[in-house]
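Throughout the sequence shown, residue numbering follows the working numbering, covering 3 to 156 in sequence.
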Amino acid sequence: MAALKKEALVRQRAEGYMIDAIRRAQDAENQRDKYIDEQWISKEQEISLKSQLAELQKERDELQMERDHALKEAEGLKRKEEDSNGYMLELPEFSLSKIAEVTQGFHESQKIGQGGYGNIYIGRLQTEVAIKMLHSHGSQGSQEFQMEVCICIN
């Protein structure tokens, strides 16, 4: 009987070890499943983040293209403005006798205005024009005169 008790005790210990081993195996399996789930979630997040990154890079590229286009357009407008500011208009020249003829000798009936720099007359050359006769003592500079011509043309 003592042998039976000893065998029962050995069996009991073996069963305890087996139960403990099974429990540790189940814990390890649960940890493995949890790790796999976390990996899956991480992979989905990685895919989502890569997709967002690609969209943001595309949007950035489009915005850079728009910015570059706007800069080129602004530079063109600035150049155009600089050109027009420094550009001396090439206007047709008419002789004093021709101008005197179309203003009827700068007659008062042809006078349409008067300014600080001279009188303005109307006449018809190729089209109807305003002709400004500057005072001989006028202090208007050529740049001011050119600006006034540009304003009148526009």
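Glycine is no exception: its CB is placed at the ideal position from the N, C-alpha and C atoms.
For a test of the three-state rule: what should DSSP assign to residue i, helix, strand or coil?
i	result
MET67	helix
MET20	helix
Between residue i and the rest of its own chain, which residues show a CB-CB distance below 7 angstroms, the 5 nearest in sequence each way excluded?
i	result
VAL131	GLY125
LEU127	PHE96, VAL104
MET135	PHE108, GLY120, ASN121, TYR123
Please work out which residues of its chain come closer than 6 angstroms, Cβ to Cβ, to residue i, disregarding the five sequence neighbours upstream and downstream, and give them in chain order.
i	result
ILE114	ILE122, ILE124
GLN1	Any question about residue 1 goes unanswered here, given that the chain covers just 3 to 156.
LYS80	none
Quick one: residues in its chain with C-beta nearer than 8 angstroms to the C-beta of residue i, no 5 flanking neighbours on either side, listed in chain order?
i	result
ALA102	PHE108
From the beta carbon of residue i, is the nearest beta carbon of chain B less than 9 angstroms away?
i	result
GLN106	No chain B appears in the structure shown, which is made up of a single protein chain.
Exercise for review: May I have a chain-ordered list of the beta strand (DSSP E) segments no shorter than 3 residues that lie completely inside the segment 96–138?
Suggested key: 113–116, 120–126, 130–136
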